[in-house]
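Reminder that position 25 of the sequence shown reads as 274 in my numbering, one-by-one numbering, no gaps.
The C-beta atom is built at its ideal place from N, Cα and C for all residues, glycine as well.
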Amino acid sequence: MSEAGFRTDPRLPGPPDQPAAALDAEAITTKERSQLEMVLRRFLRHRLAVGGLVVLLLVIGFAFIGPLLWQYDHTIHREIPSSVAPNLDHPLGTTTAGHDMMGLVMRGTQQSLKVGATVGLMTAVLAGLWGAVAGLLRGWVDGLMMRLVDVILVVPLFVLVSAVAGNVRGGTTWFAVALILGFFIWPIYSRVVRGVVLSLREQEFIEAARAMGASNTRIVLRHLLPNVTGPIIVAVTIVVAVAILVEAALSFVGLGIQSPDTSLGLQVNQALTAISTRPWLF
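As structure tokens, then:
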């Protein structure tokens, strides 16, 4: 067969033209989804993650909305009978001083969440910036910044926090505790961010940004930090839990949130002697 036999006969009709509506629909379906939309879709498909989010929202609602709806707050009420076992009026019972335990637990949970959220925010900002700058600049700047981090990490966290919190005049509020914890926790995760940045700084998009004359500040804010959000988010979730536990431990030993305010650790400390006679306090 000749080469001409493989050619399409010009007299035969060609493929039908697609209507404009079909082309528009195809363009819409092939449109790239944003990264946020993709993350949300994957998150909603993960049943365990959705279940955890529901539990977290319930705890937040209990801590912040509950006190607005409950008739007793965390302070002493003269009309409340002392040492009452759980009943319809006081589902968690009352203390010997005249506190409603439901109000105390709501307040303590609220303080713990505020401390955890504040420390998590401090870690995300400080560890992200510190690690990104150290990893990008390298040299003596990187060495100096990491040696400062090592100085903080060489002493156990609880010892440092206890030493500082014990010397705060006038008692420690939840915000003071959060600042102290945040100052000593974020260096731990700055090393994680630095490690990620060390691998990113040699990528082509960083070299392209430098070739276009981008400053170090722009490279850090526009190119590096958006690409280390994953490790930072993971670090923040760990930090929030650690901060809540350390705050409870500090309050338990009398170095955290002080009375007349309350926290979960302080409540456990005050109820230690009543575990056998009034177990509802736990």
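Practice prompt. Identify whether T343 lies in helix, strand or coil by the three-state DSSP scheme.
Written response: strand
Worksheet item: Assuming W423 contacts I506 under a Cβ cut-off of 8 Å, what Cβ separation, rounded to an integer in Å, is found between them?
Response: 6 Å
Worksheet item: What does a CB cutoff of less than 7 Å around A298 pick up in its chain, not counting 5 residues either side in sequence?
Response: F292
Discussion item. With a threshold of 7 Å on Cβ separation, who are the neighbours of V426 within its own chain once the five nearest residues in sequence on each side are excluded?
Written reply: V364, A414, E496, L499, G505, I506
Practice prompt. Can you tell me which of Q360, Q359, R327 puts its alpha carbon nearest to the alpha carbon of D349?
Written response: R327
Worksheet item: Cα-Cα, which of T421, I437, L318 is closest to L397?
Response: I437
Worksheet entry | Exposure label - R443; buried when at least 16 CB within 10 Å | buried
Practice prompt. Helix, strand or coil for D338, going by three-state DSSP, please let me know.
Written response: coil
Worksheet item: Excluding the five sequence neighbours on either side, which residues of its own chain have a C-beta within less than 7 Å of the C-beta of G357, listed in chain order?
Response: T511, S512, L513, Q516
Worksheet item: Would you say the beta carbon of W435 comes nearer than 7 Å to a heavy atom of the ligand MN?
Response: The ligand MN is absent from the structure shown, which contains no ligand whatsoever.
Worksheet entry | Three-state secondary structure (DSSP) of K280 | Its pLDDT being 44, under 50, K280 is placed unreliably by the model, and nothing is read from it.
Discussion item. List, from N- to C-terminal side, the beta strand (DSSP E) runs of 3 residues or more that fit wholly inside the region 465–499.
Written reply: none
Worksheet item: Can you give the Cα-Cα distance for P480 and G384, rounded to whole angstroms?
Response: 15 Å
Worksheet entry | Close-in-space but distant-in-sequence residues of the same chain around M371 (CB under 7 Å, 5 per side omitted) | G431, W435
Practice prompt. Determine the DSSP secondary structure at I325, reduced to helix, strand or coil.
Written response: coil
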